[in-house]
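S.K.: Add 5 to the 1-based position in the sequence shown for this note's numbering, that's all there is to it.
The beta carbon of each residue, even a glycine, is placed where N, CA and C say it ideally should be.
Note that the structure is a prediction, hence the values are computed from the model and not measured.
Structure provided below as structure tokens; questions to follow.
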Amino acid sequence: NYIEEDICEQRFSVYSYNGLIYLYETLKEKKKYCEINPSSGIHIHVDFSFANVSLIKERPMTTIAFKEYFTAQLDKVYEIFGSRYDGNFNAKKVGIDNKGTWINVRTNLGSVEYRIGHCTFDYETIVKWMVELSKITKQFKYSKELRRVFKRFDEPTIGIIPIQRIQNKRKT
6 NYIEEDICEQ RFSVYSYNGL IYLYETLKEK KKYCEINPSS GIHIHVDFSF
56 ANVSLIKERP MTTIAFKEYF TAQLDKVYEI FGSRYDGNFN AKKVGIDNKG
106 TWINVRTNLG SVEYRIGHCT FDYETIVKWM VELSKITKQF KYSKELRRVF
156 KRFDEPTIGI IPIQRIQNKR KT
């Protein structure tokens, strides 16, 4: 006997090996006892704490760098998710605190949210997505868009500075 129940949203935080184990076990149970709603999806949040995310909204130059870099990544993100997003809820663009976009920085959570994953209980698929999306997010630190916008690194309150530049400043 099965209980029919609607689960609107379930969240998992994966900060360590234990989080991966929990995700694996939970997905294994879901495969046994749950059905996927074909109109549902997965949103993956990637830590963006290396950036002062509140400045992305407050400083126009930071907003430009963020949007240019992540707009250039839209097709890559679509490929990572298996080119399967056919929904119309999320627009193919980058947003800041805008849940209606493919990629969205969530300033209140300090994360970049990728919103076009199709729903799956496949652990390997989800972990692959997490790894690939983490790479894209972390590369923002070294992006040409960020370097171009912040040509002068003398400003101490920029909030987002490529790590390599910080290391170079410490050496001198």
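Go to G46, then tell me how far its beta strand (DSSP E) extends in each direction, as first and last residue.
M.R.: Within the sequence shown, the letter at position 41 stands for residue 46. 46-52 is the extent of the beta strand (DSSP E) around G46.
S.K.: For V5 versus V58, is the C-beta distance shorter than 8 Å?
M.R.: This structure leaves residue 5 out entirely; the chain is present only between 6 and 177.
S.K.: Under a three-way DSSP split, which group does R153 fall into?
M.R.: Against the sequence shown, residue 153 aligns to sequence position 148. The answer is helix: DSSP assigns R153 an H, G or I state.
S.K.: What span of residues does the alpha helix (DSSP H) with A77 cover, start to end?
M.R.: Here residue 77 refers to the residue found at position 72 of the sequence shown. Here A77 belongs to no alpha helix (DSSP H), and DSSP marks it neither H nor E.
S.K.: Using the DSSP secondary-structure output, state which residues sit across from N109 in a beta bridge.
M.R.: Counted from its first residue, the sequence shown places residue 109 at position 104. Beta-bridge pairing links N109 to G100, E118.
S.K.: For the alpha helix (DSSP H) that S59 lies in, which residues bound it at each end?
M.R.: For the purposes of this step, residue 59 is identified with residue 54 of the sequence shown, where counting begins at 1. Here the alpha helix (DSSP H) through S59 covers 58-63.
S.K.: Considering only residues of the same chain and omitting the five flanking positions on each side of I121, which have a CB-CB separation below 8 Å?
M.R.: Numbered from its first residue, the sequence shown carries residue 121 at position 116. Hits under 8 Å: G46, V82, Y83, F86, Y90, G92, N95, W107.
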